[in-house]
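All residue numbers for the sequence shown refer to the numbering used here, where the first residue is 53 and numbers rise by one.
Single-structure report; data block below.
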Amino acid sequence: MIYDVIVIGAGQAGLSMGYYLKNSSLSFVILEKNIRIGDVWKDRYDSLTLFTPRSHSSLPGLALEGNPDGLPTKNEIGNYLENYANIFKMPVKLDTIVKRIDKREEIFVIYTKNSTLQAKNVVIATGPFHKPKIPSFSKDISQNVVQLHSSAYKNPSQLKGGAVLVVGGGNSGSQIAAEVSQSHLTYLSVSQNIRFLPLSIANKSIFWWFDKLGILKAKGSSFIGSMIQKQSDPIFGYELKDKVKNKQVTIKGRTSSVQNDEIIFNDRTRLKVNNIIWATGFVPDYSWINIPQLMDTNGNVKHERGITKIKGLYFLGLPWQYCRGSALLFGVGDDAEYLSRFIVNK
Ligand SMILES: Cc1cc2nc3c(=O)[nH]c(=O)nc-3n(C[C@H](O)[C@H](O)[C@H](O)COP(=O)(O)OP(=O)(O)OC[C@H]3O[C@@H](n4cnc5c(N)ncnc54)[C@H](O)[C@@H]3O)c2cc1C
């Protein structure tokens, strides 16, 4: 059989795509490497609470249950995604990692670990987080220091006694630093000043205001969109801010090198710690897509709102695919609707 569409990945992006494809007459299947939907969320660190309230953490067609102004936990979202797939009877093949994709004339050939499938269209919804990005000088640090990437961090029991350096001031680095500071002397290394935003203003979630001001749906190429992209991601809530004020977390500049297990920062100050958590992000890995001319010279996918120059090949869930909301639970549905309409009408 040749499917009309094969979607790769059953996270929030793949399932949103499934929701709109279900409303079409196209034949499709969603391939997922994990044995359970939602594990991407469940595998994240134990204390992870979302920064988007429940009112802004659901996919098309099914609201997340609970207090709409409250912040959901990661397990709540994992269960919600699994439930979503069941309620809408999504055709998901679990435990099916895609190892390679070729294109033969108009048809895509998809090699999974135990089958070969064919499709006229393929949607890559494998998420923005593939390989941990860790500075190469981390290899020069001796084994006396515990080193973890944020994707491997679960809770402070993985750490030794003594000081902890968290590198990276995004939302994960900030939440992890606040958490480990309850049991360890904690430093947080940041490249830019952290911008804190309140979780709510005048009893309304900040995401309610973002919605009203059109911030979440501002196109990446618009004035507002380009202003937002120039700044570092804000940190929602004041937990870390309070801990910095109370000297429970000490802010350091950018981590620039290491010498004899001493971390050196860009202001030339030095620090010896027993633990380092690299909350330094990820790099994409699309090496398994065996189709030339997909990437630009910086290794980014070339696309226009998820539509690539390769006929029939699409991406969904990329950061700023269209707007800030594109890689968030709340925003990915709009991009999925756009792509499914494009595929149906082409
Ligand atoms: C710490 C943290 C906090 C966040 N907080 C929020 C928040 O508060 N609100 C919010 O809206 N967003 C938040 N996000 C961002 C975002 O919602 C998630 O990153 C989301 O998981 C991305 O969804 P996705 O479907 O694009 O990718 P993923 O969730 O990564 O799903 C991709 C799926 O593809 C599968 N897959 C990958 N490769 C293959 C392959 N080769 N073959 C088959 N299957 C494959 C994976 O197993 C996975 O199930 C947060 C992210 C992080 C890391």
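Quick reminder that beta carbons are idealized off the backbone N, C-alpha and C, glycines included.
Counting along the chain, the unbroken alpha helix (DSSP H) around ARG393 starts and ends at 384–397. Annotated three-state conformation of ASP56 is strand, per DSSP. For ligand 1, no non-hydrogen atom lies closer than 7 Å to the CB of LYS212. Beyond the five residues adjoining it in sequence on each side, LYS271 comes within less than 7 Å, by CB distance, of GLY277, TYR374 and CYS375 in the same chain, given in chain order.
Just measuring C-alpha positions, the residue of THR321, SER243 and SER233 sitting nearest LYS297 is SER233. THR332 is classed as buried because its beta carbon has at least 16 other beta carbons within 10 Å across all chains shown. Straight-line measurement puts the Cα of ASP263 at about 25 Å from the Cα of TRP93. Inter-residue distance for ALA230 and MET142 is about 38 Å (C-alpha atoms, whole angstroms). Not a single heavy atom of ligand 1 lies less than 7 Å from the C-beta of SER257. Look at ALA215: its beta carbon is at least 7 Å from all of the heavy atoms in ligand 1. The shortest C-alpha to C-alpha distance from VAL57 to any of LEU133, GLY63 and GLY70 is the one to GLY70.
Straight-line measurement puts the Cα of LYS295 at about 46 Å from the Cα of VAL174. Using a Cβ distance threshold of 8 Å, GLY63 and ALA177 count as a contacting pair.
With a cutoff of 7 Å, GLU134 does not count as near ligand 1, since its C-beta is closer than that to no heavy atom of the ligand. For the 8 Å CB-CB criterion, LEU102 and SER109 form a contact. With fewer than 16 neighbouring CB atoms inside 10 Å of its own CB, ILE87 falls in the exposed class. The Cβ-Cβ distance between LEU240 and GLY222 does not fall below 8 Å. Nearest to LYS282 by C-alpha distance, out of GLN210, SER273 and TYR290, is SER273.
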